[in-house]
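Novice: Counting from 1, position 138 in the sequence shown corresponds to residue 138 in UniProt numbering; the numbering is continuous, with no gaps. Don't be surprised by glycine CBs; every beta carbon is placed ideally from N, CA and C. For clarity, every value in this text was computed on a predicted model and none was experimentally measured.
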Amino acid sequence: MIPDAPDSRDLLSFLDFHVAAGVDAALDETPHDRFAEPEAPRRAAREAAEPEAPASRAPPAEPVRAAPPRQEASRQEPPGQESPRQDASRAETPSTYGRSAAAAPGEAAGDARELAATAASLEDLEGLLARFESCALRFTAKNLVFADGNPQARVMFVGEAPGADEDRIGKPFMGRSGQLLDRMMAAIGLDRSNAYVGNVVPWRPPGNRNPTPQEIATCKPFIERQIALADPDILVCLGGVATQSLAGTKDGILKSRGRWFPYRTGRREIRLLATLHPAYLLRQPLQKRLAWRDFRALRTALDEGERQRP
Ligand code: URA
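Take a look at the structure:
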């Protein structure tokens with residue numbers, strides 16, 4: 001017997017339910033329970049795709065970057081545009097790294113740590129991330145959102161995770177909160193030629209949901225390596241997720257904002273300033289006065305650092 005076809009109202013309410021639950025991308029015709037996939041086939045697939053395990057790669061013999069003299073903002077190249085996103089063009093490297101997205105939380109973070117440590121440059125790191133498979137977000141995102149701005153800048157801003165605009169364009173802070181961030185930066189003489197911008201999580205969580213603690217833990221070694229390679233003097237964490245994961249505080253952002261934390265890059269100690277996320281400021285415009293205080297403190301710190309340079 002042929003079952004009754006669902007009527008269009010059933011189908012629409014089924015669709016509504018999924019949209020309300022944050023499902024905004026169709027990936028496949030048939031559902032897959034990745035948690036039910038046994039480890040052995042995944043390991044075999046990984047080994048086949050990965051002739052040289054990342055763990056066995058020698059870490060770069062040289063220090064991460066022999067700090068080049070910083071350039072004047074007006075002479076800097078348009079940054080972050082040279083390296084292709086999610087490209088498969090590096091012929092001699094494996095096409096993917098890590099295990100399937102269903103890896104146990106600790107394993108995925110361990111893979112990330114081993115892999116990130118092998119990156120000798122920001123370009124390397126972006127290439128490794130583009131082929132990293134242990135974070136499920138990469139399979140729902142359109143693009144890897146690695147960075148924008150000038151990697152030679154003295155200040156680096158770190159947000160939480162890309163939204164829809166960033167996912168489409170492949171660069172951080174491109175949408176409404178990015179426009180507000182640009183205005184806040186401009187108010188203290190910064191723009192993307194003299195500041196570098198990244199995110200704790202470089203792929204968009206579907207439906208703009210918050211990244212999970214597991215996703216944050218998996219991606220953290222990459223943002224840490226990105227900071228170490230960019231080697232800014234000052235790190236500005238935008239919002240609670242970036243602050244909690246990089247400053248190592250459990251305090252909420254309304255408590256931690258305006259505070260300076262020490263941050264160890266692995267090469268040296270720099271200063272980390274916590275401030276409010278521009279998306280929060282769009283919802284709570286009165287709080288902009290607090291962010292303005294933080295940005296003025298940032299300007300003062302940059303000016304003082306400039307005066308102290310040899
Ligand atoms: N919010 C973030 O935290 N990062 C972006 O890139 C965009 C919005």
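Label GLN308 either buried or exposed according to how many other C-beta atoms from any shown protein chain fall within 10 Å of its C-beta, with 16 as the threshold for buried.
Specialist: As a working mapping, residue 308 is identified with position 308 in the sequence shown. By the neighbour-count rule (16 or more Cβ atoms within 10 Å), GLN308 is not buried but exposed.
Novice: Cβ-heavy atom distance between GLU166 and the ligand URA below 7 Å?
Specialist: On the sequence shown, residue 166 is found 166 positions in, with the first residue counted as 1. Flag set: Cβ of GLU166 near the ligand URA.
Novice: Reducing DSSP to helix, strand and coil, say where VAL200 ends up.
Specialist: Translated into positions along the sequence shown, residue 200 becomes position 200. DSSP places VAL200 in coil when its eight states are reduced to three.
Novice: To the nearest angstrom, how far is it from the Cα of ASN194 to the Cα of ARG9?
Specialist: Position 194 of the sequence shown holds residue 194. Position 9 of the sequence shown holds residue 9. Approximately 53 Å, taken between the alpha carbons.
Novice: By a C-beta neighbour count over all protein chains shown, 10 Å radius and 16 as the cutoff for buried, is ASN210 buried or exposed?
Specialist: Locating residue 210 in the sequence shown gives position 210, where the first residue counts as 1. Exposed, since its Cβ has fewer than 16 Cβ neighbours within 10 Å.
Novice: Does the beta carbon of ASN199 fall short of 7 Å from some heavy atom of the ligand URA?
Specialist: Locating residue 199 in the sequence shown gives position 199, where the first residue counts as 1. Answer for ASN199: yes, Cβ within range of the ligand URA.
Novice: In terms of DSSP beta bridges, what is TRP292 paired with?
Specialist: The residue you call residue 292 lines up with position 292 of the sequence shown. DSSP lists no partner for TRP292.
Novice: Have a look at the DSSP bridge pairing and note the partners of THR275.
Specialist: Counting from one through the sequence shown, the residue named residue 275 turns up at place 275. Answer is LEU238.
Novice: Is there at least one non-hydrogen atom of the ligand URA closer than 7 Å to the beta-carbon of VAL145?
Specialist: Translated into positions along the sequence shown, residue 145 becomes position 145. Yes, the ligand URA has a heavy atom inside 7 Å of this Cβ.
Novice: Does the beta-carbon of PHE173, which I'm using as the reference point, lie nearer than 7 Å to any heavy atom of the ligand URA?
Specialist: Locating residue 173 in the sequence shown gives position 173, counting from the first residue. For the ligand URA, at least one heavy atom lies less than 7 Å from the Cβ of PHE173.
Novice: Can you give the Cα-Cα distance for ARG296 and SER13, rounded to whole angstroms?
Specialist: Residue 296 sits at position 296 when you count from the first residue of the sequence shown. Residue 13 sits at position 13 when you count from the first residue of the sequence shown. Answer to the nearest angstrom: the Cα atoms are 50 Å apart.
Novice: For the alpha helix (DSSP H) containing PRO213, list its first residue and its last residue.
Specialist: Walking along the sequence shown from the start, residue 213 turns up at place 213. Unbroken alpha helix (DSSP H) run through PRO213: 213-230.
Novice: Just to confirm the assignment, what range does the beta strand (DSSP E) spanning PHE157 have?
Specialist: Working through the sequence shown from its first residue, we reach residue 157 at position 157. Where PHE157 is concerned, the enclosing beta strand (DSSP E) stretches over 155-159.
Novice: For the ligand URA, any of its heavy atoms closer than 7 Å to the Cβ of PRO162?
Specialist: Residue numbering aside, residue 162 sits at position 162 when the sequence shown is read from its first letter. PRO162 Cβ: within cutoff of the ligand URA.
Novice: Report yes if the C-beta distance between VAL158 and LEU238 is below 8 Å; otherwise report no.
Specialist: As a position in the sequence shown, residue 158 is number 158, starting the count at 1. As a position in the sequence shown, residue 238 is number 238, starting the count at 1. For VAL158 and LEU238, yes; Cβs fall inside 8 Å.
Novice: Could you check if THR275 is buried or exposed, using at least 16 other CB atoms within 10 Å of its CB as the buried criterion?
Specialist: Here residue 275 refers to the residue found at position 275 of the sequence shown. THR275 comes out buried.
Novice: Quick one: give me the first and last residue of the beta strand (DSSP E) that PHE261 is part of.
Specialist: By 1-based counting over the sequence shown, the position of residue 261 is 261. 260-264 is the extent of the beta strand (DSSP E) around PHE261.
Novice: Please determine, among THR249, ALA117, GLY252 and GLU160, the residue with the shortest C-alpha to C-alpha distance to THR212.
Specialist: Looking up residue 212 in the sequence shown gives position 212. THR212 has its Cα closest to that of GLU160, out of THR249, ALA117, GLY252 and GLU160.
Novice: Hey, would you say the C-beta of SER177 is under 7 Å away from at least one heavy atom of the ligand URA?
Specialist: In the sequence shown, the residue the question calls residue 177 occupies position 177. Because some heavy atom of the ligand URA lies under 7 Å away, the Cβ of SER177 counts as near it: yes.
Novice: I'd like to confirm the pairing. Which residues does DSSP put opposite GLY149 in its beta bridges?
Specialist: For the purposes of this step, residue 149 is taken as residue 149 along the sequence shown, with counting starting at 1. DSSP, once it has assigned bridges, lists TYR196 as partnering GLY149.
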